[in-house]
Ligand SMILES: [Zn+2]
């Protein structure tokens, strides 16, 4: 299962659209650049002529956007006056991917508990969805518990962080340019965040 990150202007099945996104996180793959949105951000529905909000539906990883909210994903619903609620969809190269086992675990528990506590070894990985080889690019991951870990992109533009447990979600990742300054933050560039990982 692949769920695409939602952004400003993305439409729901009835034509409702998202009107709010994060200042710090955008995606321009493919163009034009759009600001990426989170659960609870505002929408407008031309059918019931009401402002609304993005509501969560379906599996999602526990990771949070920089504003502390969960990422809005394709398949989430518009909370407006319409019943049944319309569903958002988008096409963009910024996705969250789930195996069928993960879908079952994330949906079945009603929380992320099953996903985060049962692993014997713990890690989280991210893929930078950029064209070309970015291996060797340094990055820093910030976790909700305040811990910070550095990593380096390897083959397939993947980076993996070993964790002592899975109880702290990654809040954001910064990639570093060659001069050592943080290049882009917030979850970054246009790209990042195919949060692939989780655990073994
Ligand atoms: Zn509506």
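Numbering (my numbering), first residue to last: 1 to 200. Here a beta-carbon is modelled for each residue, glycine too, at the ideal position from N, C-alpha and C.
Taking the CB atoms as reference points, tell me whether residue 2 and residue 54 lie closer together than 8 Å. no
Keeping to the same chain, check which residues put their C-beta closer than 7 Å to that of residue 79; ignore five residues upstream and five downstream. 52, 53, 55 and 85
Alpha-carbon spacing of residue 111 relative to residue 100, whole angstroms: Any answer about residue 111 is weak, because its pLDDT of 40 lies below 50 and its placement is not dependable; what the coordinates show is given next. Going by the C-alpha atoms only, they are around 16 Å apart.
If you follow the beta strand (DSSP E) that residue 52 is part of, which residue opens it and which one closes it? 50–55
Out of curiosity, what's the CA-to-CA distance linking residue 200 and residue 38? Residue placement at residue 200 is flagged as unreliable, the pLDDT there being 29, under the threshold of 50; the coordinate-derived value follows with that caveat. Taking the straight line from one Cα to the other gives about 27 Å.
Under 7 Å from any heavy atom of ligand 1, does the C-beta of residue 55 make it? no
If you draw a straight line from the C-alpha of residue 114 to the C-alpha of residue 50, how long is it? Reliability fails at residue 114, whose pLDDT of 33 lies under 50, so the model's placement of it is uncertain and no value is given.
Strictly by DSSP, which residues pair up with residue 150? 140
N- and C-terminal bounds of the beta strand (DSSP E) containing residue 45: In the DSSP assignment, residue 45 falls within the beta strand (DSSP E) that extends over 42–45.
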